[in-house]
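Trainee:
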Amino acid sequence: MVKCPECNKEDMKLVKEWDLSPKVHIKMYECCGNKIREYITK
Numbered sequence: 023m024v025k026c027p028e029c030n031k032e033d034m035k036l037v038k039e040w041d042l043s044p045k046v047h048i049k050m051y052e053c054c055g056n057k058i059r060e061y062i063t064k
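Each number in our numbering comes from the position in the sequence shown (counting from 1) with 22 added on.
#1: Indicate the three-state DSSP secondary structure (helix, strand or coil) for residue 37 in the structure shown.
#2: Label residue 34 either buried or exposed according to how many other C-beta atoms from any shown protein chain fall within 10 Å of its C-beta, with 16 as the threshold for buried.
#3: From residue 24 to residue 51, what distance separates their C-alpha atoms?
#4: Quick one: grab the DSSP three-state call for residue 30.
#5: Give the DSSP bridge partners of residue 46, in chain order.
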């Protein structure tokens with residue numbers, strides 16, 4: 023799980039989720055006005 027760089031919260035709001043390729047999945051979170059992406063390899 024990703025942490026917000028400003029407030030260090032782990033329970034951020036999930037905004038969007040998509041597959042970049044068959045091997046890479048991306049989750050975009052929003053917290054403190056910033057959008058943070060988590061890249062997950064399958």
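Virtual Cβ for every residue (Gly too), placed ideally from N, Cα, C.
Mentor: By the coordinates alone:
#1: For the purposes of this step, residue 37 is taken as residue 15 along the sequence shown, with counting starting at 1. The answer is strand: DSSP assigns residue 37 an E or B state.
#2: Residue mapping note: residue 34 aligns to position 12 of the sequence shown, counting from 1. Buried, by the Cβ-count rule.
#3: Sequence index remark: in the sequence shown, residue 24 carries index 2 (1-based). Sequence index remark: in the sequence shown, residue 51 carries index 29 (1-based). Distance between the alpha carbons of residue 24 and residue 51: 9 Å.
#4: Walking along the sequence shown from the start, residue 30 turns up at place 8. Residue 30: coil per DSSP, three-state reduction.
#5: Residue 46 sits at position 24 when you count from the first residue of the sequence shown. Answer is 43, 63.
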